[in-house]
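Per the working numbering, the very first residue in the sequence shown carries number 1; after that it's consecutive. Everything below concerns the one structure shown next.
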Amino acid sequence: MENRRKFIKKAGALGALSLLPSAPLFARDAEVQTVPENGKWPDGSRLVVSVSMQFEAGGQPDNAESPFPQNMDKGYKDLPAETWYQYGYKEGIPRMLDNWDKLGIKVTSHMVGSAVEKNPALAKEIVQRGHEAAAHGMNWSKQYNLSYEEEKAFIQQGADAIKKATGFTPVGYNANWLRRGENTLKILQELGFTYHIDDLSRDEPFLIKVNNNDFAVVPYTLRNNDILLIEGKNFSTDQFFRQVKTDFDQLYEESVRKKRQLSISFHDRIGGTPQMVNTAHELLRYIQQHKGVSFKRKDEIARMILDDPNSIRE
């Protein structure tokens with residue numbers, strides 16, 4: 001932790017760029033002007049960072065997966081695991097919200113409908129503080145095995161719960177573990193959604209055709225996801241910092257030639273712990289020191305891509 005703080009402090013004093021392996025490339029900012037039109041962000045950003053804050057705690061089923069061994073006898077509740085999830089809305093999200101304010105950034109919160117119904121005031125506060133409320137299903141159920149009408153009702157119920165609690169109409173969607181079904185995108189387009197994130201195929205947003213209309217894909221990533229790197233793993237916050245920093249450094253280097261997006265995901269009961277919020281603060285401060293980097297909500301990214309005639313189309 002101390003070494004990381006020294007690194008951040010030294011980076012600020014020296015302009016940060018000279019400390020990076022790829023510093024010579026960053027000095028050639030004139031190259032940015034030679035980027036092809038479809039490789040430029042419409043607002044002039046060099047690289048866009050998209051931060052996700054999952055609001056799931058409270059919506060999980062009984063005996064949901066947790067860091068505790070999954071050896072509960074059938075018919076009994078895993079009470080310690082329930083308190084682990086409760087941490088997400090009692091401590092995690094409030095702490096992350098304060099951190100986003102300190103950093104001056106806005107994020108996208110993917111909200112499970114049943115979690116919002118149990119903590120509507122917290123969901124409303126997220127929106128009141130300037131963040132996006134995106135849909136994340138009504139509960140943790142699978143949706144890829146539902147009929148067309150069942151899945152449509154499932155998605156609509158989750159969105160309605162968010163709208164009722166926050167006044168915000170969700171336009172973005174994230175399926176449970178990204179596992180959408182064959183009908184999901186058609187349903188989302190019919191319900192008025194404009195984008196989804198359940199795609200790992202690119203490091204930049206792109207457009208697809210759904211029901212003969214443009215639909216935005218704002219890609220997700222597993223490699224910068226706290227639930228895979230931290231939860232119940234022997235993986236330190238220093239390793240998390242280094243891994244995401246390295247991802248950023250490479251994408252920033254590539255951004256002189258093409259459009260690049262860095263996605264980072266934090267879950268309420270994991271990313272909201274003291275050590276992870278401290279780490280996130282130092283990591284994002286490091287990223288903010290780089291010229292041309294902007295932080296955007298996913299609905300903002302989707303709108304830019306939908307309005308940009310040079311967006312990648314698949």
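Glycine is no exception: its CB is placed at the ideal position from the N, C-alpha and C atoms.
Heavy atom of the ligand ATP within 7 Å of residue i beta-carbon
{"i": "Met96", "result": "With respect to the ligand ATP, the structure shown offers nothing to examine, as it has no ligands at all."}
Closest residue to residue i among the options (Cα-Cα distance)
{"i": "Arg269", "options": "Ala175, Ser114, Pro170 and Gln60", "result": "Gln60"}
{"i": "Arg180", "options": "Ile105, Asp160 and Gly137", "result": "Gly137"}
{"i": "Lys296", "options": "Pro36, Gln239, Arg46 and Gly39", "result": "Arg46"}
{"i": "Val316", "options": "Ala123, Gln156, Leu229 and Asn225", "result": "Past the boundaries of the shown model lies residue 316; the chain is included only from 1 to 314, so the question cannot be answered."}
{"i": "Thr337", "options": "Leu178, Thr194 and Ile187", "result": "As shown, the chain starts at 1 and ends at 314. That puts residue 337 outside it, with no answer to give."}
{"i": "Gly58", "options": "Pro120, Asn183 and Ala134", "result": "Pro120"}
Reduced DSSP secondary structure (H/G/I, E/B, other) of residue i
{"i": "Val277", "result": "helix"}
{"i": "Ala133", "result": "strand"}
{"i": "Met53", "result": "strand"}
{"i": "Phe168", "result": "coil"}
{"i": "Lys124", "result": "helix"}
{"i": "Asp73", "result": "coil"}
{"i": "Phe26", "result": "Any reading at Phe26 must be qualified, since the residue scores a pLDDT of 39, below 50, and its modelled position is unreliable; the value itself is stated next. The answer is helix: DSSP assigns Phe26 an H, G or I state."}
{"i": "Thr246", "result": "helix"}
{"i": "Leu14", "result": "Low confidence applies here, because Leu14 scores a pLDDT of 40, under 50, leaving its location unreliable and the question unanswered by this model."}
{"i": "Val116", "result": "helix"}
{"i": "Thr237", "result": "helix"}
{"i": "Thr108", "result": "strand"}
Residue i to residue j span [Cα, whole Å]
{"i": "Ile264", "j": "Leu251", "result": "13 Å"}
{"i": "Arg285", "j": "Asp198", "result": "27 Å"}
{"i": "Asp73", "j": "Gln143", "result": "27 Å"}
{"i": "Pro21", "j": "Ala216", "result": "With a pLDDT of only 38 at Pro21, under 50, the local geometry of the prediction cannot be trusted, and no value is derived from it."}
{"i": "Val256", "j": "Lys291", "result": "11 Å"}
{"i": "Leu262", "j": "Tyr148", "result": "33 Å"}
{"i": "Ile227", "j": "Asp62", "result": "19 Å"}
{"i": "Asp247", "j": "Trp100", "result": "21 Å"}
{"i": "Asn139", "j": "Asn278", "result": "30 Å"}
{"i": "Leu200", "j": "Lys259", "result": "16 Å"}
{"i": "Leu79", "j": "Gln70", "result": "12 Å"}
{"i": "Ile187", "j": "Glu300", "result": "21 Å"}
{"i": "Ser311", "j": "Val127", "result": "28 Å"}
{"i": "Tyr87", "j": "Lys209", "result": "40 Å"}
{"i": "Pro309", "j": "Tyr173", "result": "23 Å"}
Residues that residue i bridges to, as DSSP identifies them
{"i": "Ala216", "result": "Tyr195 and Leu207"}
{"i": "Arg313", "result": "Leu207"}
{"i": "Ile264", "result": "Val51"}
{"i": "Met96", "result": "Beta-bridge pairing links Met96 to no other residue."}
{"i": "Tyr173", "result": "Ala135 and His196"}
{"i": "Ser294", "result": "Val48"}
With three or more C-beta pairs closer than 8 Å as the rule, is the segment 152 to 168 touching the segment 204 to 212? Fewer than three beta-carbon pairs drawn from the segment 204 to 212 and the segment 152 to 168 are found closer than 8 Å, and the two stretches are therefore not classed as touching.
So, do the segment 301 to 310 and the segment 85 to 100 have three or more beta carbon pairs nearer to each other than 8 Å? Contact between the segment 301 to 310 and the segment 85 to 100 is absent, because fewer than three Cβ pairs lie under 8 Å.
Closer than 8 Å is the cut-off here; do at least three beta carbon pairs connect the segment 41 to 53 with the segment 104 to 123? With a cut-off of 8 Å, the segment 104 to 123 and the segment 41 to 53 count as touching, because enough Cβ pairs lie within range.
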